[in-house]
Amino acid sequence: MGATDDLAADLDDADLVMITTPGEAFSAAERDALEAFVADGGAVFIHDEADYDGHATEPLNDLAAALDLDFRFNSDQVVDEEHSDWAPFVLRTTNVNGAFEFFDGSSDGATIDAADAVVVPSPGEEYSEPELDALSAHVAGGGAVFLLDESEFTNEETATLNAIAAELDVAFRFNADQVEDETHNDGAAFVPTTANFNDGFDVFDGVGAPGLDEADGLVVSSPSTAFSQSELDELGAFVADGGALFLFDESDFGGQGNSETGFDETANLNAIADALELDFRFNSDQVNDGDGEFDITTTNVNTAFDYFADRDESIGIEFDPDEEYYGRVVRVFDGDTVEVEFDSEYEYRDVVRHLGFDTAETGDVSNEIHEWFGVEDIAHLNEWGENATAFALDVMTPDGTDTGDTDVEGRRIKLTFDDVEPIRGNYGRLLGYMHYDPDDFDADPGTGEYSVEYNRQMVAEGYARVYSSGFGRHDEFAAVEETALADGRGVWSAADFDAVPEHRNDPVEEVYVPRASSITTDSGPLAADRVPVAAGPDADQEPLSGGSFDAYDDAPLIGVDHDNRVAMVGGLLFNEAYEELEGFPVDTGGYGNFPLVTNLARYLSHNDGDFLVEGGHAQFDVSGSLSLERMQYFLRFVEGIGGRLRQFNDVATTLPEADEPTAAFLTAPGRAYTGTELDALREYRDDGGAVILVGSTAASADHRENLDAVAAGLGSDLRLNDDRIVDAADNLAGEATLPVTSTFDRSYPLFSPVGDDALGHLDPQQRTYLEHLANDEGIIIRPAVDGAIEDWSAGRIDRETLDAAVQAWEQERRVIAP
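Per the working numbering, the sequence shown runs over residues 1 to 818.
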C-alpha cells in the first residue's frame, strides 16, 4: 500500500486504488488510465466528504461518469445528532445492506475469533447479549479488551462501557464525569495530557521520548511540576558526560507557590539549577516593553558568546517597525494573508497577516454571524469570503493564479508597520500594512507610486470588517467601515439591523460574574444601598494579592456611583469565553448578564446613542481585559434590541466626536490613562454619558490599578477590592471562581427585559425630571407626585412622564441611587 502523485504511471503495480476527496479534477489521461485499470479487474474505492461548496464532489462525479458507474454523490452533508462521534457530522452507522457479502459476520461477533485484542471506544449504543457473550468468550480465551471512554455530554457511552465491564467481571468502572486540566493539555482543558504513569505496569516501559543516552542536547521549557530526585540525578549525569542543557522560563503570573492563579515553572527550573550547581537563577518576574506588551523581541545580545558571531549573516531580516520594506507577493492564502519575498540578499520570505481587518472565512472554516454587524446570512458570508480571496488574487497576482499557488511572480508591494501593534502576531506572522502601485504591477521601490493601501481598501470596498484589536489606526478604519456599512457595500449589502432577532432579553433571574472581585470604595466598604448585585449567600471572599481587603456579609459585585454616572463591575459579564459555542462546557444563554449590564448603562446614562467599548489601552487578548473581538455575543444582543455596540481606541480624539453614546465600557487598561484622556472621558460623562468600569481577578495588579485610577479620575470613590469571590455551592461548571448569584436589590430598574422596565421607555429628559422628584433615598414620595400633577396641568411635562412618576411612587421603585 502506498500513496501516489503519478496515478497513470503507478496503476500497473496496483490491485486497488482509493480516491479521497480530490481538490482538483482528474485529467483526461488519468481518467483513461483508471478506465483501463477497472476494465483489467482493478478495484476503485471512491470516498467523498462534505465540502460545503462541492469542490471535491464534482471531480468525483466526473470520475464516476467516466467509469460509467451507476451512482453519483450528492453535494450535501449528512448529520446525525444521536449516532455520531465527537460531532453530528462525524456519524456512525450499523445500517448495512446485508445483500453485499463483505458485511457477512460484521454484526454477529464471528470476526472476534481472529483477533488478539478488541478496542471498544465510547459505544453510543448498548451491546446486545450475543455481543457481550462474544466478548466474554474472547477474554476467557486469552484475548485482550481495551475499553476507552470519553466525556459524553449527550450520549451514554459511560453506562454502556460499565455494562461491558460488569459482564466481564472486571474490577473497575468509569465515572460519568469530565477530567479537565488547565495546565497540562493539548490545546484545551478537556484534552488533558499526563506523564503520571503507574510504573508497576510494565506496559509503560519505553513510553515517551528517546532517553538521554541517545541525546546530545536537552531542552527543558517551563516545567509545571518539579523534577524528581531521580530525574535530577539523570540530568546531572547527562551534563557531566558532555550533554548540553537548555533551560527556558516564562513568566508565571501568580508567582511561586500561588497555585490558585500562577504556576511554579520558575521555582522548578531554579531547583534544576541548584541540583546542577549552575551560576544563574531565574527571577520570578515578567519582562515587558513598558507598554504592557510582554511578547518582546531584542537585539541586545552579548557578542562575547561566539554563537552570535554570524548573526548579521542570517538569511532573515531584523524588521524595524519604523522602516519600510519592499518585496513581491509569491503566494495568496486568502483575502487577509499572503506570503512575500522581500528584497534582500537571500530573497527572504515571510507570511504577512494584513493588519486591521478580517475577511469572511473560506473552505472548511465556518463563519460566525455574530462577528458581522447586522448580517444574518451565513451563505452570504461564505460568498464574500470567496469574493475577498478573489479580489486579493486579482490585485496581487497574475491572471490564472489560485490560492495556495507557490512561487508566484506577484505584484511588487511595500510593507509598513503599526505604531502600536507588535511586528509579529500570535502565530508568528508579520502584522503590517501593504501598499501597492495601482498602475505598475512591477513598480520599482525608487520610482513607484505605492499610493494604494490594500488594508484600508479592503475595508472601504466592503470586502472585510475591521478587526477590533489595539492597532493604532483602529478608529480611522472603523470610520471607513461605518461608511461602507451605511452604503451597503460588499459584504455589508446583507446588513439589516432590523432583521437581527431579539434574543436573551428576558427577566433577569440569575447572573454569573466570572473571576470577580467585590467592589469597595476609597474610604472603606461600599454602602448596601449602592449595590444592585451582590454575591450569593454561600459565597466567600479570598485574598487576591495577599494584602488586606474590606470584608462583607454580602459582597458587592456591582457598585453604583450615580452622581458621577459611573458603575464598577467585579467581573467580565460579557466575556464570550463563557459561551457554549466557544467551547465552554455549559450553556450560559439563560443567564441575565446581557440585559442586566445594558439596563445598568441605560440607568446611569442621560444619552441614547450607541454603546462603546474602549480598546486602545492594550486590552486585546490580555488576561482580565476585553476588546470587542471577545464580546461578539453581547454585540449581537445589543443589535437585537435595536442598538449598536462598537469599539473606539482613541479616547482623546474619537470619544468627543461620537454622537452621544449611551455608555462607554472600560475593562482593565494595560496602559494608564493620560491626563488628556481622562479629560475627554470626564467631558463625555459630563455631557450625559455613563462609564461602566469592568474588572477581573484575571487582570494583573497593574492593570487593576489602572482601572481604579480611571474611577478616581472621574471623581468616583468606587474601587476594586483586593479579593476574589468564590462560591462552591452556586457557580458555573463546578468552578467556584465562576459564581452565580440572584442576590439583587430590585429597587434598581435593572432586572426586567431591556425596554420593559418602568423607566426604560423614557427619554433622558424625562428621566432627569423623575430624578429631580426623588428624595435622598432615590424614591418618589406622594408630595412629589402632587408636584408632578401640577407640572402636568401647567403643561411643563407630558402625560407619559406623569404616568412614570405615579408608577414609581406606587411601586416604591428607586429612580436614582442615593
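Every residue gets a Cβ at the ideal spot worked out from N, C-alpha and C, and that includes glycine. Predicted, not measured: the structure shown is a model, and the values here were computed from it.
In DSSP terms, what residue 645 is bridged to: Locating residue 645 in the sequence shown gives position 645, counting from the first residue. Residue pairing by DSSP places residue 645 opposite 611 in a beta bridge.
On the premise that residue 794 lies in contact with residue 766, defined as a C-beta separation below 8 Å, what is that separation, rounded to the nearest angstrom? The residue labelled residue 766 in the question sits at position 766 within the sequence shown. The residue labelled residue 794 in the question sits at position 794 within the sequence shown. Cβ-Cβ separation between residue 766 and residue 794: approximately 16 Å, too far for a contact (criterion under 8 Å).
Hey, quick one: how far does the alpha helix (DSSP H) through residue 598 stretch, first residue to last? If you number the sequence shown from 1, residue 598 lands on position 598. Annotation: the continuous alpha helix (DSSP H) that includes residue 598 extends over 593-604.
Looking at the structure shown, is residue 803 part of a helix, part of a strand, or coil, going by DSSP? In the sequence shown, the residue the question calls residue 803 occupies position 803. Helix.
Please give me, in chain order, every unbroken run of the alpha helix (DSSP H) with length at least 4 that falls completely inside the segment 112-155. Restricting attention to alpha helix (DSSP H) runs no shorter than 4 residues, the segment 112-155 encloses them at 129-140, ordered along the chain.
Proximity to residue 665 [Cα-Cα], best of 687, 270, 625, 266: To locate residue 665, count along the sequence shown from 1; it is residue 665. Out of 687, 270, 625, 266, 625 has the C-alpha closest to the C-alpha of residue 665.
With a Cβ-Cβ cutoff of 7 Å, do residue 273 and residue 281 count as a contact? Residue 273 sits at position 273 when you count from the first residue of the sequence shown. Residue 281 sits at position 281 when you count from the first residue of the sequence shown. A distance below 7 Å separates the beta carbons of residue 273 and residue 281.
Assuming residue 707 contacts residue 693 under a Cβ cut-off of 8 Å, what Cβ separation, rounded to an integer in Å, is found between them? Taking the first residue of the sequence shown as 1, we reach residue 707 at position 707. Taking the first residue of the sequence shown as 1, we reach residue 693 at position 693. Contact holds; Cβ gap of about 6 Å.
Pick out whichever of 575, 736, 743 has its Cα sitting closest to the Cα of residue 667. Here residue 667 refers to the residue found at position 667 when the sequence shown is read from its first residue. Among 575, 736, 743, the Cα nearest to that of residue 667 belongs to 575.
Please confirm whether residue 447 has its beta-carbon closer than 7 Å to some beta-carbon of chain D. Reference to chain D is not applicable here, since this structure consists of a single protein chain.
List in chain order: all unbroken beta strand (DSSP E) runs of 3+ residues lying wholly within the segment 724-811. Every unbroken stretch of the beta strand (DSSP E) spanning 3 or more residues and falling wholly within the segment 724-811 is given here in chain order: 735-741.
Straight-line Cα distance separating residue 326 from residue 445: Start at 1 with the first residue of the sequence shown, and residue 445 comes out as number 445. Start at 1 with the first residue of the sequence shown, and residue 326 comes out as number 326. Per the coordinates, the alpha-carbon of residue 445 lies some 7 Å from the alpha-carbon of residue 326.
Output yes or no for whether 7 Å exceeds the beta carbon distance between residue 245 and residue 239. Along the sequence shown, one-based indexing puts residue 245 at 245. Along the sequence shown, one-based indexing puts residue 239 at 239. Residue 239 sits close to residue 245, with the two beta carbons spaced by under 7 Å.
For my contact list, residue 567 and residue 739 are in at a C-beta cut-off of 8 Å; report their separation, rounded to the angstrom. Within the sequence shown, numbered from 1, the residue matching residue 567 stands at position 567. Within the sequence shown, numbered from 1, the residue matching residue 739 stands at position 739. With a contact defined as Cβ atoms closer than 8 Å, residue 567 and residue 739 miss out at about 19 Å.
Go through its chain and collect everything with a Cβ distance to residue 663's Cβ below 6 Å, but skip five positions before and after it. Within the sequence shown, residue 663 is the residue found at index 663, counting from 1. Closer than 6 Å at the Cβ level, and outside the excluded window around residue 663, lie 601, 605, 611, 690, 692.
Where residue 812 falls, given that 16 or more other Cβ within 10 Å makes a residue buried: Position 812 of the sequence shown, counted from the first residue, corresponds to residue 812. Here residue 812 is exposed. Its C-beta has fewer than 16 other C-beta atoms within 10 Å.
CB-CB length for residue 397 against residue 385, believed under 8 Å: Working through the sequence shown from its first residue, we reach residue 397 at position 397. Working through the sequence shown from its first residue, we reach residue 385 at position 385. That belief does not hold up - the Cβ atoms of residue 397 and residue 385 are roughly 18 Å apart, past 8 Å.
When every heavy atom of the ligand HEM is checked, does at least one fall within less than 6 Å of the C-beta of residue 399? Judged by which ligands are present, the structure shown has none, so any question about the ligand HEM falls away.
CB-CB length for residue 413 against residue 351, believed under 8 Å: The residue given as residue 413 occupies position 413 in the sequence shown. The residue given as residue 351 occupies position 351 in the sequence shown. Between the beta-carbon of residue 413 and that of residue 351 there is about 13 Å, and that puts the pair past the 8 Å contact cut.
For residue 519, count neighbouring Cβ atoms within 10 angstroms of its own Cβ and tell me buried if that reaches 16, exposed if not. Locating residue 519 in the sequence shown gives position 519, counting from the first residue. Classification for residue 519: buried.
Do you know how far the Cα of residue 721 is from the Cα of residue 550? For the purposes of this step, residue 550 is taken as the residue at position 550 of the sequence shown. For the purposes of this step, residue 721 is taken as the residue at position 721 of the sequence shown. Cα atoms of residue 550 and residue 721: separation of roughly 7 Å, rounded to the nearest angstrom.
Tell me, which residues are paired with residue 558 by DSSP? Position 558 of the sequence shown, counted from the first residue, corresponds to residue 558. Residue 558 is bridged by DSSP to 533, 569.
Between the Cα of residue 83 and those of 50, 534, 157, 130, spot the shortest distance and give me the residue it belongs to. On the sequence shown, residue 83 is found 83 positions in, with the first residue counted as 1. When 50, 534, 157, 130 are compared, the shortest CA-CA separation from residue 83 is found for 157.
With the cut-off set at 7 Å, would you say residue 743 and residue 590 are in Cβ contact? In the sequence shown, residue 743 corresponds to position 743, counting from 1. In the sequence shown, residue 590 corresponds to position 590, counting from 1. Residue 590 is positioned such that its CB atom lies no closer than 7 Å to that of residue 743.
Buried or exposed: where does residue 450 fall if 16 or more other Cβ atoms within 10 Å of its Cβ makes it buried? Here residue 450 is taken as the residue at index 450 of the sequence shown, counted from 1. With 16 or more Cβ atoms within 10 Å of its Cβ, residue 450 is classed as buried.
List the DSSP bridge partners of residue 543. The sequence position of residue 543 within the sequence shown is 543, counting from 1. For residue 543, the beta-bridge partners assigned by DSSP are 723.
So is residue 685 buried or exposed if we call it buried at 16+ other beta carbons inside 10 Å? Sequence index remark: in the sequence shown, residue 685 carries index 685 (1-based). Residue 685 comes out buried.
7 Å Cβ shell around residue 108 - same chain, five flanking residues per side excluded: Within the sequence shown, the letter at position 108 stands for residue 108. Bear in mind that a pLDDT of 48 at residue 108, under 50, signals an unreliable position, so the number given afterwards is only what the model happens to contain. Take residue 108, set aside five residues on each side of it, and the residues of its chain with a beta-carbon closer than 7 Å to its own are 130, in chain order.
Rounded to a whole number of angstroms, what is the C-alpha to C-alpha distance between residue 622 and residue 24? Within the sequence shown, the letter at position 622 stands for residue 622. Within the sequence shown, the letter at position 24 stands for residue 24. In a straight line, the C-alpha of residue 622 is about 42 Å away from that of residue 24.
Please work out which residues of its chain come closer than 8 Å, Cβ to Cβ, to residue 175, disregarding the five sequence neighbours upstream and downstream, and give them in chain order. Numbered from its first residue, the sequence shown carries residue 175 at position 175. The answer, listed in chain order, is 158.
First and last residue of the uninterrupted beta strand (DSSP E) at residue 354: In the sequence shown, counting from the first residue as 1, residue 354 sits at position 354. Annotation for residue 354: the continuous beta strand (DSSP E) segment containing it runs 349-354.
Residue 218 - containing beta strand (DSSP E), residue span: By one-based count along the sequence shown, residue 218 stands at place 218. In the DSSP assignment, residue 218 falls within the beta strand (DSSP E) that extends over 217-221.
Counting C-beta neighbours from all protein chains within 10 Å, is the total for residue 79 16 or more, i.e. buried, or is it exposed? As a first step, residue 79 is located in the sequence shown; it is residue number 79 there, counting from the start. Burial call: exposed.
Neighbourhood of residue 440 by C-beta distance below 6 Å, restricted to the same chain and skipping five residues each side: As a first step, residue 440 is located in the sequence shown; it is residue number 440 there, counting from the start. Here the set comprises 448.
Could you tell me whether the segment 367-386 touches the segment 413-423, using the rule of 3 or more Cβ pairs below 8 Å? Between the segment 367-386 and the segment 413-423, the count of C-beta pairs closer than 8 Å stays below three; the two stretches do not touch.
Where the beta strand (DSSP E) through residue 690 begins and ends: Your numbering for residue 690 matches position 690 in the sequence shown. If you look at residue 690, you'll find it in the beta strand (DSSP E) that goes 690-694.
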